[in-house]
Each structure stands twice: as structure tokens, then as C-alpha cells.
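Below is one structure, written out as C-alpha cells, with a few remarks after it.
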Ligand SMILES: Nc1ncnc2c1ncn2[C@@H]1O[C@H](COP(=O)(O)OP(=O)(O)OP(=O)(O)O)[C@@H](O)[C@H]1O
Ligand SMILES: [Mg+2]
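In our numbering, the protein residues as written are 201 to 524.
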């Protein structure tokens, strides 16, 4: 399969009417997901993630724009589009609680019409991938929440559709289960060339699983990029420098020529500066400068910004300057 835009979301609008007012839950959202790609919808509560996913899998009508699944518009070719999609939303409605893990997998593979020899092979593959060997004969109802989530996602894969939509696949899982889920999703996507669209409010999940992402807030896209680019964009070197005394104006001016002065705070005992450098070598120039100005350094530390920090910064941005 080539790198085609398998799922296109074009200028999507979703409105809810509550009493007499209108809520724009999804406001002009555009993105595309290529075949075999894991794509993240990242945003805080109420951002519109679930609404987008429900529109894509045909559970909600939308008010503007369009969704194209492998060439079929979900407006007027919904049934054809749905042949390519399986989804796991909140509530895990696709599970039969009184059947065992294996029976569930058999049942859903059956109704999706896979040949019986392939079925067995695929069920075993999924049981292994999801590490459900010990639970395979347990009634789903008796499993922990995390295990149920694994079963739900395994079921979404049994049908062997190309596009898998996962709404908050790691929500409510403990740390180790969440990590396990991330590596399962990444592994399945790459092994089976699945197109996965997942939503989350957890940047770490995106970082561990996704190739590209959009960050949404209040229905609008605030950033769209590859995970790697978004990280490197913000991966400039930032140092916090603590000085004995406040920098004189002259020092500030000289500093600004070497680095970007992000912040400057004078405290009772000392002064701290936040400097952004293009590379570590500039640090030597900075030291030289302090020496020339006769300033004593108390401390210097590297401030690393992870994606989580970037996410928080982006949400704080009132204007969308970082829109890519
Ligand atoms: N059925 C509904 N009726 C009215 N408003 C709704 C409905 N569903 C969602 N909304 C509103 O639409 C906006 C987007 O909600 P949505 O559930 O899509 O966000 P989300 O990103 O999935 O949030 P969460 O992280 O809490 O799951 C919110 O303001 C929400 O209150
Ligand atoms: Mg949601």
C-alpha cells in the first residue's frame, strides 16, 4: 500500500444545540492520515476529540466539511466508508461480557467473514500480541479494566479493517498497562500496516505511539506536525543561569547578541536568567561575557522541555502563532 491519504478530514464542523445555544465542538478541523500511519488527536477535556472520532465512524452527523474514507464521503457513501473502519469508543460496546476472551474474538471474526483457517491464526496472533494468553478462557466480565480495554482493542483488530479509531485507548489504565498498550499499538501499526487514529489527552501516549499529530483545543487545531518536528522545534537548548547580582543593562544587551533572553528575574538573593541557545557552543561565549563583566555565577542548569511542556505552552498561546 502506498502512502496515500487514506482518511481525509476536511474543514469538519460539528455543532451541538443545547437549550437555545450552539456549541461548536469541532470548528474547521482539517487533517489527513496516510495508510499505515499512527495519527494522534491530542487535546484537553472538551477539545472535541470524541466528536471527531464519532463523526468519522458514522455515529454522528456533521454540520460542515467532509470526511473521506478511502475515497468515500461519510456524508453520502457512509456504508462503503464504514467497510474500512473499526472503532473502540468509551464503554467498549463491542464486547460480550459473558463470553470469554477467545469466544469474543471468534464471534467477531465470524461475523466479519474471515475464512476459518485464517481465523485461528489471527486469534492466536492477537492473543499473543496483547499478552492475553492467561486470560483467553476467562469471561470478559471478570477481567480488570485494563484487560477489558486490551480485549476491546484486540476485537477491533480481528475484523482486519484498515483503519482503526481508538478513543482514549489508555484512559484509566495504570502506568505499566498504559506503557504496554503504547507498545502494542505501535507494534501492531507497524507489523500490520494499520492506519490508526487515536485520541488522548496524554502527550506521552502520542510521543510513544504516533507519527504525526494535531493538537486541538476548544474545537480548533492549534498545531499540526510530525511528532519529531514538534519535539525538535522546541528542542532548542535552554539554560537557567543564576547570578550573584543583577545584570547591568550593558550585560543584558551583550547577552542578547549571543542568545535569546527568555526571562529575567531579580530575586532578593540573586538573579536568574533563562537563555535560549542555538547550540551548546554558545555557552562558552556566555561564560566569557560574564567573566568580562565581572559577574559571579551561582548555578547553571539545562532546562529540558518535553512534549508535555510544549503541549501546555501551546494551550496557553492565545494567538495561534505556532500553527504549522
Ligand atoms: N451530546 C452532546 N451534547 C451537547 N454538547 C456536547 C455533546 N457531546 C459533546 N459536547 C460538547 O462538545 C465539546 C467537545 O466534546 P468532546 O466530547 O468531543 O470532547 P473530548 O475532547 O472528547 O473531551 P474529553 O477529553 O473530555 O473526552 C465539549 O464542549 C462538550 O461539552
Ligand atoms: Mg472524549
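Quick reminder that beta carbons are idealized off the backbone N, C-alpha and C, glycines included.
Mind checking whether residue 370 and residue 381 have CB atoms under 8 Å apart? yes
Nonlocal neighbours in the same chain, by C-beta distance under 6 Å from residue 462, ignoring five residues either side: 474 and 476
For residue 295 and residue 340, believed in contact at Cβ under 8 Å, the rounded distance: 5 Å
Closer than 8 Å to chain C by CB, residue 300: Among the chains of the structure shown, chain C does not appear; only one protein chain is present.
If you reduce the DSSP assignment to three classes, tell me which class residue 262 lands in. coil
Of the residues 215, 253 and 409, which one's Cα is nearest the Cα of residue 208? 253
What residue from 256, 464 and 366 has the CA that sits closest to residue 399's CA? 366
Inspect the beta-carbon positions of residue 357 and residue 323 and report whether they are closer than 8 Å. no
Of the listed residues 241, 492 and 445, nearest to residue 454 (C-alpha basis): 492
Which same chain residues end up closer than 6 Å to residue 153 when comparing Cβ atoms and leaving out the 5 residues on each side of it in sequence? No statement about residue 153 is possible, as the shown extent of the chain runs from 201 to 524 and does not include it.
Burial state of residue 383 (16 or more Cβ within 10 Å): exposed
Which residues are close to ligand 3, meaning CB closer than 6 Å to any heavy atom, in chain order? Of the ligands one can find in the structure shown, namely ligand 1 and ligand 2, none is ligand 3.
With respect to the beta strand (DSSP E) encompassing residue 339, which residues constitute its N-terminal and C-terminal limits? Note, residue 339: premise wrong, no beta strand (DSSP E); not H, not E.
Do residue 227 and ligand 2 come close, with the Cβ less than 7 Å from some heavy atom? no
Evaluate contact between the region 280-289 and the region 241-256, counting only Cβ atoms and requiring at least three cross-stretch pairs below 8 Å. yes
To the nearest angstrom, how far is it from the Cα of residue 211 to the Cα of residue 272? 16 Å
Classify residue 348 as buried or exposed, calling it buried when 16 or more other Cβ atoms lie within 10 Å of its own Cβ. buried
Given that a residue counts as buried once 16 or more other Cβ atoms are within 10 Å of its Cβ, and exposed if not, what is residue 321? exposed
Leaving out the 5 sequence neighbours to the left and right, which residues in its chain are closer than 7 Å to residue 302 when beta-carbon positions are compared? 323, 336 and 337
Would you decide whether residue 318 is buried or exposed? Buried here means 16 or more other CB atoms lie within 10 Å of its CB. exposed
Does ligand 2 have even one heavy atom less than 7 Å from the beta-carbon of residue 367? yes
Name, in chain order, the residues that DSSP records as bridge partners for residue 463. 474
Determine the contact status of residue 326 and residue 305, defining contact as a CB-CB distance below 8 Å. yes
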